[in-house]
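For reference, the structure is listed below as structure tokens.
2 protein chains.
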Amino acid sequence: MNGMLYGVGLGPGDPELMTLKAARLIGKANVIAYPSLEGGESFARAIAANVISKGTEEIAISIPMSVKRAPAQAAYDKGAAAIAAQLEVGKDVVVLCEGDPFFYGSFMYFFSRLSDRFECKIVPGVTSVTACAAALQAPLTARNEVLTIIPGPMGEDAMEARIAVAEAVAVMKVGRHLPKIKRVLDRLGLTDHAGYVERASLPAELVLPLADAPETAPYFSMILVTKGDDPWL
Amino acid sequence: MNGMLYGVGLGPGDPELMTLKAARLIGKANVIAYPSLEGGESFARAIAANVISKGTEEIAISIPMSVKRAPAQAAYDKGAAAIAAQLEVGKDVVVLCEGDPFFYGSFMYFFSRLSDRFECKIVPGVTSVTACAAALQAPLTARNEVLTIIPGPMGEDAMEARIAVAEAVAVMKVGRHLPKIKRVLDRLGLTDHAGYVERASLPAELVLPLADAPETAPYFSMILVTKGDDPWL
């Protein structure tokens, strides 16, 4: 009998923002797997470090940071094969996922490669969107407001069109796209309605009105925009 | 010195989907507060029940379920006053919030009444959106996809216009709006791309393709739609 594949969300970075279920599953896991950068660092493993038991088998899956698609795809293929090898001998595998497994996460690449052959359970996690709202002390959406979540890499015109008709907006994965996003919000007259957060919930968390944001942003940064009559920044 | 106001997200309903931080703060709280229905039932308190310590003082805030605005506003005023009375004598108050405090939650009504006078900390929680995606085993958004979150009460034409231009969509708070949402998705040819979830993560959880959804839906139900080439239902 095959093992169970678990996709477990770890939340935005503060280890205390893991769920009780994530902590329990990781703590009793015989095998865990996680993506890591070339060189070995893994943000996912760092979040979970305190709850990983001694003797747990670890599958570190090195994902090249490249704009080319093929090298990453090959790395996901290789990682999925390593996970499958454990599942096939009846071992459960807990895959560690920053944030939530199905919300812009790398787990989906493993899920798409394995879910037709193996039973799978998903444990949702706190996303960076609500962690950033908490850091900004900014209510995201109330009553009948629509929330639009936009990835930073989107093209400038498309992004402007989306934000123009949106109410509350979260722009994810800001990183090197910060100047473009600033231009868009400036043209729409929304700069004063926008907050900037990097590394939400981590010790290095930075929370600023967008107008005061640094010139360069890390990948783990976000911009939240509300258009209400009652701007919160 | 005033006490600290905590807005603590409890996640979608499974007590194990509380964060470690929520469980710690609730467990050591001297005073907790939570909304309850007229008659006394509180979903928030039920989620947290196992971690509430004996002897914790409880402020149950009865919120009338009414389409009229004034009675609910008066109830939030009264609840905020009861919380403020504790904060003013130096006690911290932990407000229990289903899901996430800043994501369509009642906490925002207390926050707006109290945050100018009292220091406040927000603890984000798992939202029903990613809990429903987990239940459906349906990846929500990858790469550069936009996610649009729409409240069920939105008018039919406005909802159709929003969904027509959206990629992934979550329609929250379905309840009595189910027939309208079904009509909208049917006209847009999206019924086969839509999944229905009620009471995500609870023992009574129900997960179905939208076409098989029941005639009547509870308030805590959601419809997720993806338009990808690779529909997941």
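One line per chain: the protein sequences are C and E, in this order.
Following numbering that gives the first Met the number 0 from start to finish, the first sequence increments by one per residue and tops out at 232.
Following numbering that gives the first Met the number 0 from start to finish, the second sequence increments by one per residue and tops out at 232.
Beta carbons are placed, not taken as given, at the ideal position from N, Cα and C, and that holds for glycine.
Remember, predicted model here, so these are calculated numbers, not experimental data.
#1: Between Ala169/E and Leu223/E, what straight-line distance do the alpha-carbon atoms span, to the nearest angstrom?
#2: Thr140/E by DSSP, collapsed to three states: which one?
#3: For Glu166/C, which residues from the same chain have a beta carbon less than 7 angstroms from its beta carbon, with the 5 sequence-adjacent residues on both sides left out?
#4: So, under 8 angstroms CB-CB, Ala28/C and Val88/C are touching, yes? Tell me the CB distance rounded to an integer number of Å.
#5: I need the straight-line Cα distance from Ile46/C to Gly6/C, nearest angstrom please.
#6: If you count every other CB in all the chains shown that lies within 10 Å of the CB of Met0/E, and 16 or more means buried, which is it?
#7: Looking at Glu197/E: is its Cβ nearer than 8 angstroms to the Cβ of Phe219/E?
#8: Would you identify the three-state DSSP class for Pro70/E, choosing helix, strand or coil?
#9: Would you kindly work out how many angstroms separate the C-alpha atoms of Gly39/E and Ile58/E, rounded to a whole number?
#10: What number of angstroms, rounded off, separates the C-alpha of Val50/E from the C-alpha of Ser41/C?
#11: Pick out whichever of His176/C, Leu184/C, Val183/C, Leu187/C has its Cα sitting closest to the Cα of Thr215/C.
#12: Hey, Cys96/E and Ala43/E: beta-carbon distance below 8 angstroms or not?
#13: Can you give the Cα-Cα distance for Gly154/E and Ala83/E, rounded to whole angstroms?
#14: Can you tell me whether Lys77/C is buried or exposed, with buried defined as 16 or more other CB within 10 angstroms of its CB?
#15: Let me make sure I understand the geometry here. Which of Thr129/C, Phe110/C, Leu113/C has the alpha-carbon closest to that of Tyr103/E?
#16: For Gly8/C, which residues from the same chain have a beta carbon less than 7 angstroms from its beta carbon, with the 5 sequence-adjacent residues on both sides left out?
#17: Pro11/C and Ser127/C look like a contact to me (Cβ under 8 angstroms); what is the Cβ gap, rounded to whole Å?
#18: Counting only beta-carbon separations shorter than 8 angstroms, does Gly194/C have a partner in chain E?
#19: Take the Cβ of Gln72/E as the centre, count every other Cβ of all protein chains shown within 10 Å, and call the residue buried at 16 or more, exposed below.
#20: Whose Cβ in chain C lies nearer than 7 angstroms to the Cβ of Thr236/E?
#21: Of all the CB atoms in chain C, is at least one closer than 8 angstroms to the CB of Met17/E?
#22: One question on the structure: do Gly151/C and Gly174/C come within less than 8 angstroms of each other, judged by their Cβ atoms?
#23: Do you know whose CA, among Ser35/E, Gly26/E, Ser61/E, Phe117/E, lies nearest Lys53/E's CA?
#24: Check for me: the alpha helix (DSSP H) holding Gly0/E runs from which residue to which?
#25: Closest Cβ-Cβ distance between Ile149/C and chain E: below 8 angstroms?
#26: Can you tell me the Cα-Cα spacing of Asp91/E and Pro213/C, whole angstroms?
#27: When DSSP labels each residue in this structure, what does Phe117/C get in the three-state scheme?
#28: Is it buried or exposed for Leu36/C, if we count other Cβ within 10 angstroms and need 16 for buried?
#29: Against chain E, with Cβ distances strictly below 8 angstroms, would Asn143/C count as a contact?
#30: Any Cβ of chain E within less than 8 angstroms of the Cβ of Gly124/C?
#31: Any C-beta of chain E sitting closer than 8 angstroms to the C-beta of Pro230/C?
#32: Should Pro138/C be counted as a contact of the ligand SAH given a C-beta to heavy atom distance under 7 angstroms?
#33: Which of the three DSSP states, helix, strand or coil, is assigned to Ile46/E?
#34: Compare the C-alpha of Glu56/C against each of Met64/C, Arg68/C, Pro63/C, Ala81/C and name the closest.
#35: Taking 8 angstroms as the threshold (C-beta atoms), are Leu86/C and Leu24/C in contact?
#36: Does Gly2/C pass the burial test, meaning 16 or more other C-beta atoms within 10 Å, or should it be called exposed?
By the coordinates alone:
#1: Ala169/E and Leu223/E have their C-alpha atoms some 5 angstroms from each other.
#2: If DSSP states are grouped into helix, strand and coil, Thr140/E belongs with the strands.
#3: Taken in chain order, the residues that qualify are Glu144, Val145, Lys226.
#4: The pair is not a contact, with the Cβ atoms about 15 angstroms apart (cut-off 8 angstroms).
#5: If you take the alpha carbons of Ile46/C and Gly6/C, they lie about 15 angstroms apart.
#6: Exposed, because fewer than 16 other Cβ atoms sit within 10 Å of the Cβ of Met0/E.
#7: Yes. Within cutoff.
#8: Looking at Pro70/E - three-state DSSP - the assignment turns out to be helix.
#9: Distance between the alpha carbons of Gly39/E and Ile58/E: 11 angstroms.
#10: Their backbone Cα atoms lie some 32 angstroms apart in a straight line.
#11: Proximity to Thr215/C across His176/C, Leu184/C, Val183/C, Leu187/C peaks at His176/C, based on C-alpha coordinates.
#12: Going by C-beta atoms, Cys96/E is nearer than 8 angstroms to Ala43/E.
#13: Whole-angstrom Cα-Cα distance: 37 angstroms.
#14: By the neighbour-count rule (16 or more Cβ atoms within 10 Å), Lys77/C is not buried but exposed.
#15: The candidate whose alpha carbon is nearest that of Tyr103/E is Thr129/C.
#16: Excluding sequence neighbours, Gly8/C sits near Ala21, Cys96, Gly98, Asp99, Pro100, Val122, Pro123, Gly124.
#17: Indeed they touch by this definition, with Cβ atoms about 5 angstroms apart.
#18: Answer no: the Cβ-Cβ gap between Gly194/C and chain E never drops below 8 angstroms.
#19: Per the 10 Å Cβ criterion, exposed.
#20: Because chain E in this structure spans residues 0 to 232, residue 236/E falls outside the shown range and cannot be described.
#21: Taking CB atoms only, Met17/E has a neighbour in chain C less than 8 angstroms away.
#22: Here Gly151/C is near Gly174/C, since their CB atoms are less than 8 angstroms apart.
#23: Out of Ser35/E, Gly26/E, Ser61/E, Phe117/E, Gly26/E has the C-alpha closest to the C-alpha of Lys53/E.
#24: The sequence shown places Met at residue 0/E, not Gly. Met0/E -> no alpha helix (DSSP H), and no H or E assigned at all.
#25: Closer than 8 angstroms to some Cβ of chain E, the Cβ of Ile149/C qualifies, so yes.
#26: Taking the straight line from one Cα to the other gives about 35 angstroms.
#27: Here Phe117/C carries a coil assignment [DSSP, helix/strand/coil].
#28: With a 10 Å radius around the Cβ and a threshold of 16 neighbouring Cβ atoms, Leu36/C comes out exposed.
#29: Yes, because at least one Cβ of chain E sits closer than 8 angstroms to the Cβ of Asn143/C.
#30: Yes - at least one Cβ of chain E is within 8 angstroms of the one on Gly124/C.
#31: Residue placement at Pro230/C is flagged as unreliable, the pLDDT there being 37, under the threshold of 50; the coordinate-derived value follows with that caveat. Chain E contact via Cβ: absent.
#32: Because no ligand of any kind appears in the structure shown, any question about the ligand SAH cannot be addressed here.
#33: If DSSP states are grouped into helix, strand and coil, Ile46/E belongs with the helices.
#34: The residue with the shortest Cα to Cα distance from Glu56/C is Ala81/C.
#35: Here Leu24/C is not near Leu86/C, since their CB atoms are 8 angstroms or more apart.
#36: Counting C-beta atoms within 10 angstroms of its own C-beta, Gly2/C has 16 or more neighbours from the protein chains shown and is therefore classed as buried.
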